[in-house]
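Participant: Can you keep this structure in mind? I'll have questions shortly.
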Amino acid sequence: GAVVSQHPSWVICKSGTSVKIECRSLDFQATTMFWYRQFPKQSLMLMATSNEGSKATYEQGVEKDKFLINHASLTLSTLTVTSAHPEDSSFYICSALSSLRDRDTEAFFGQGTRLTVV
Amino acid sequence: QQPVQSPQAVILREGEDAVINCSSSKALYSVHWYRQKHGEAPVFLMILLKGGEQKGHDKISASFNEKKQQSSLYLTASQLSYSGTYFCGALINSGNTPLVFGKGTRLSVIA
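Chain order of the listed sequences is A and B. For the first sequence, position 67 matches number 67 in the numbering used here, and the numbering has no gaps at all. With the second sequence counted from 1, adding 1000 to any position gets you the numbering used here.
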């Protein structure tokens, strides 16, 4: 089946620094990828939709200047958390939709990145 | 719009059954069910596309009602490994729109 790879799995950074998270579709092309954030004991909340070759669209309340998204190719989207603060500590996860042969549209998830800002 | 999941949490003994419901105020294109263990990414369980559809594997099955506004996940003869948080994800159409997740149902299976 389709595979989405996310890197790194976890990162600890100092307050004020920036962190980049990569999301790759390994065996299919994804013109659109989605970035979610999950706080402890809560659901996955959509942050933004990443579109290959164009600007990302952000959900209400998500700062586009803080969470920079780049989708430069059909297999790679990156999320950069700029000037990270402790309140940005969370589980970030990417997803891409794929319609494999003879199967319905399905969402595939990366492994997730646990960000801790100290 | 976020689908509504119920119950929020449930505790089962091994071998007991459970039902988790997922409701939408509008008809959906498809419903996706995931299970997430603590600290891990969600794992895909199954997708339902057609109204009236029922499907499953092993002792986990799901249904999608005729109006495509409600789905239920059935866990029978639960095992310890079933513990986790179950999310339903709703797709409103077949285009490049994101899954919108319910708030999740925390399932704990005890010996």
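Ideal Cβ positions, reconstructed from N, Cα and C, are used throughout, including at glycine. Treat the numbers as computed from the prediction; the structure is a model and nothing was measured.
With distances taken between CB atoms, is the gap from A/SER15 to A/VAL81 smaller than 8 Å?
Facilitator: Result no, Cβ atoms of A/SER15 and A/VAL81 do not sit closer than 8 Å.
Participant: Alpha carbon to alpha carbon, how far is A/TRP35 from B/ALA1111?
Facilitator: Looking at the two C-alpha atoms, the distance is approximately 37 Å.
Participant: Using only CA atoms, which one of A/PHE108, A/ALA96, A/THR49 and A/TYR92 lies nearest to A/SER9?
Facilitator: For A/SER9, the nearest C-alpha among the options comes from A/TYR92.
Participant: Among A/ALA72, A/LEU46, A/ASN51 and A/THR75, whose alpha-carbon lies nearest the alpha-carbon of A/GLN60?
Facilitator: Comparing Cα positions, the closest option is A/LEU46.
Participant: Excluding sequence positions up to five away, which residues of its chain have a Cβ less than 7 Å from the Cβ of A/THR17?
Facilitator: ALA84.
Participant: Output needed for A/ILE12: all residues of its chain with C-beta closer than 7 Å, excluding positions within five of it in sequence on either side, in chain order.
Facilitator: THR116 and VAL118.
Participant: B/ALA1041 touches chain A at which residues, Cβ-Cβ below 7 Å?
Facilitator: Near B/ALA1041 (Cβ distances below 7 Å), the residues of chain A are ILE93, PHE109, GLY110, GLN111 and GLY112.
Participant: I want to verify the contact list: residues of chain A whose CB lies under 9 Å from the CB of B/LYS1103, in sequence order.
Facilitator: Result: GLN42 and SER43.
Participant: Against A/GLU119, what residues of chain B qualify as contacts under a CB-to-CB distance less than 8 Å, listed in chain order?
Facilitator: Nothing in the structure corresponds to residue 119 of chain A, since chain A is present only between 1 and 118.
Participant: Quick one: any contact between the region 60 to 70 of chain A and the region 1006 to 1015 of chain B, if contact means 3 or more CB pairs under 8 Å?
Facilitator: Touching, no.
Participant: Between which two residues does the beta strand (DSSP E) carrying B/ASN1021 extend?
Facilitator: Looking at the DSSP string, the run of the beta strand (DSSP E) that includes B/ASN1021 is 1018 to 1023.
Participant: Any beta-carbon of chain A closer than 8 Å to the one on B/PRO1098?
Facilitator: It does: the Cβ of B/PRO1098 has a partner Cβ on chain A nearer than 8 Å.
Participant: Which word fits A/PHE108, buried or exposed, when buried means at least 16 other C-beta atoms lie within 10 angstroms of its C-beta?
Facilitator: Buried is the call here.
Participant: By the 10 Å Cβ neighbour count, where 16 or more other Cβ atoms means buried, how is B/HIS1032 classified, buried or exposed?
Facilitator: So B/HIS1032 ends up on the buried side.
Participant: If we count Cβ pairs, one from each stretch, closer than 8 Å, do we get three or more for the region 17 to 26 of chain A versus the region 1077 to 1084 of chain B?
Facilitator: With the cut-off at 8 Å, the region 17 to 26 of chain A and the region 1077 to 1084 of chain B do not touch.
Participant: If you measure between the beta carbons of B/TYR1086 and B/LEU1107, is that distance less than 8 Å?
Facilitator: Yes, Cβ-Cβ distance for B/TYR1086 and B/LEU1107 is below 8 Å.
Participant: What residue range is occupied by the uninterrupted beta strand (DSSP E) comprising A/ALA48?
Facilitator: Looking at the DSSP string, the run of the beta strand (DSSP E) that includes A/ALA48 is 45 to 51.
Participant: Apart from the five residues just before and just after B/GLU1016, which ones in its own chain have a Cβ nearer than 7 Å to its Cβ?
Facilitator: Excluding sequence neighbours, B/GLU1016 sits near SER1078.
Participant: Just the C-alpha distance for A/MET136 and B/VAL1019, rounded to the nearest angstrom, thanks.
Facilitator: Because residue 136 of chain A is not part of the residues shown, which for chain A are 1 to 118, the question remains open.
Participant: With 16 as the cutoff for other CB atoms within 10 Å, does A/HIS71 come out buried or exposed?
Facilitator: Counting Cβ neighbours within 10 Å, A/HIS71 comes out buried, since at least 16 surround it.
Participant: Would you give the residue range spanned by the beta strand (DSSP E) that B/LYS1055 belongs to?
Facilitator: Start and end: 1054 to 1057.
Participant: For B/GLY1051, which residues in chain A fall below 7 Å Cβ to Cβ?
Facilitator: Residues of chain A passing the Cβ test: none, with the nearest at roughly 14 Å.
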